[in-house]
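Residue numbers (UniProt numbering): 1 to 360.
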Ligand code: OGA
Ligand code: NI
């Protein structure tokens with residue numbers, strides 16, 4: 001596969017514009033095959049079926065009993081779910097609300113303003129409406145905005161929105177806070193894997209880790225039973241911190257053959273393991289498939305913050321996690337190479353990380 005991506009294969013249609021113009025039907029391009037539709041599997045909405053909620057207050061405190069109990073909860077959640085929510089995480093709840101609200105306002109700006117930020121598949125930065133460049137692909141019911149925080153060499157504030165006023169400063173502060181939080185979490189994961197606390201961060205490239213944000217905008221959909229806001233996928237990067245909509249649920253996580261609809265806790269982040277941590281941990285931790293459903297009467301906004309390895313270093317299982325009993329499952333691959341798959345073919349469940357394994 002060449003590193004040079006061509007442009008979008010077809011003219012881009014903003015899902016938000018479709019949502020505003022269509023009243024009771026959706027274009028065929030957004031209709032999923034019957035096996036992928038939300039109604040074809042059961043989903044549950046009771047507390048026993050929610051992903052674990054972990055209170056991080058005390059993780060870095062002096063009380064060892066408290067911190068080891070938190071570490072244990074994280075360890076269990078990583079093994080059993082690959083997904084959990086965190087509260088008392090140290091990020092100012094007011095900042096979380098303001099940032100989500102500013103993004104909502106951005107998506108409500110006039111279309112000609114947003115179009116100034118239209119993205120291309122070369123870097124994906126900016127305002128976009130599809131993931132993948134296959135001509136004729138069935139598309140997801142969402143628009144998004146994608147931007148880089150780290151490495152600093154990729155951070156280009158000219159590609160960030162300049163409206164609503166002062167949003168860049170706010171988005172910048174949000175990025176700094178989330179990088180710190182991700183650093184604390186990968187430390188916890190390293191300890192839980194029986195490794196030196198710095199190992200994962202160093203494997204990610206230390207000072208040169210990657211961090212980026214995808215803000216998802218899911219407009220109202222007149223036929224939510226036929227479409228998906230985001231098709232099933234695992235996140236290709238290291239770890240994701242999702243700030244979900246404060247009012248509208250939509251994220252579903254795969255648990256065996258069921259799709260569990262996540263019930264967000266107030267001011268919590270939803271954390272999930274990405275493919276690169278699956279590779280580094282030699283599959284002790286696994287990335288988990290998830291998708292987003294839409295609904296007919298409410299739009300939804302979510303912010304997915306991705307903490308990724310430096311993109312040009314080979315990522316492979318950490319030495320200490322490769323043993324006679326547990327040989328290395330994955331050949332080395334850079335994240336640049338790895339993410340070409342999703343950027344070309346779009347979201348496809350866990351097919352990429354699974355194909356790596358069988359190709360070895
Ligand atoms: C993502 C993602 C979930 C959501 O952006 O990768 O899984 O709830 N988003 O929007
Ligand atoms: Ni995701």
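All C-beta atoms in this analysis are idealised placements derived from N, C-alpha and C, irrespective of residue type, glycine included.
Assigned secondary structure, residue i (DSSP; H/G/I helix, E/B strand, else coil)
i: residue 310; result: coil
i: residue 118; result: strand
i: residue 248; result: coil
i: residue 40; result: With a pLDDT of 48 at residue 40, under the threshold of 50, the modelled position of that residue is not reliable, and the figure given next carries that caveat. Reduced to three states, the DSSP call for residue 40 is helix.
i: residue 70; result: helix
i: residue 336; result: helix
i: residue 94; result: helix
i: residue 267; result: coil
i: residue 204; result: coil
i: residue 210; result: strand
i: residue 57; result: coil
i: residue 298; result: coil
Local Cβ density within 10 Å of residue i, reported as buried at 16 or more and exposed below that
i: residue 2; result: Because residue 2 carries a pLDDT of 45, less than 50, the predicted location of this residue cannot be relied on, and the following value inherits that uncertainty. Label assigned to residue 2: exposed.
i: residue 282; result: buried
i: residue 300; result: buried
i: residue 324; result: exposed
i: residue 297; result: exposed
i: residue 23; result: exposed
i: residue 113; result: exposed
i: residue 62; result: exposed
i: residue 41; result: Caution applies to residue 41, whose pLDDT of 49 falls short of 50 and renders its modelled position unreliable; the value that the coordinates give is listed next. When all chains shown are included, residue 41 counts as exposed.
Segment limits, alpha helix (DSSP H) that includes residue i
i: residue 7; result: Unbroken run through residue 7: none, as it is neither H nor E.
Beta strand (DSSP E) segment containing residue i, residue limits
i: residue 258; result: 258-261
i: residue 143; result: 143-150
i: residue 328; result: Residue 328 -> no beta strand (DSSP E), and no H or E assigned at all.
Residue i CB to nearest heavy atom of the ligand FAD below 7 Å
i: residue 250; result: This structure lacks the ligand FAD; its bound ligands are the ligand OGA and the ligand NI.
Contact test: residue i Cβ vs the ligand NI heavy atom, cutoff 7 Å
i: residue 123; result: no
i: residue 265; result: no
i: residue 64; result: no
i: residue 235; result: yes
Residue i beta carbon near the ligand OGA (any heavy atom closer than 7 Å)
i: residue 228; result: no
i: residue 302; result: yes
i: residue 240; result: yes
i: residue 186; result: no
Under 8 Å between C-beta atoms of residue i and residue j
i: residue 342; j: residue 205; result: no
i: residue 17; j: residue 111; result: yes
i: residue 71; j: residue 191; result: yes
i: residue 194; j: residue 307; result: no
i: residue 60; j: residue 222; result: no
i: residue 217; j: residue 107; result: yes
i: residue 349; j: residue 233; result: yes
i: residue 270; j: residue 73; result: no
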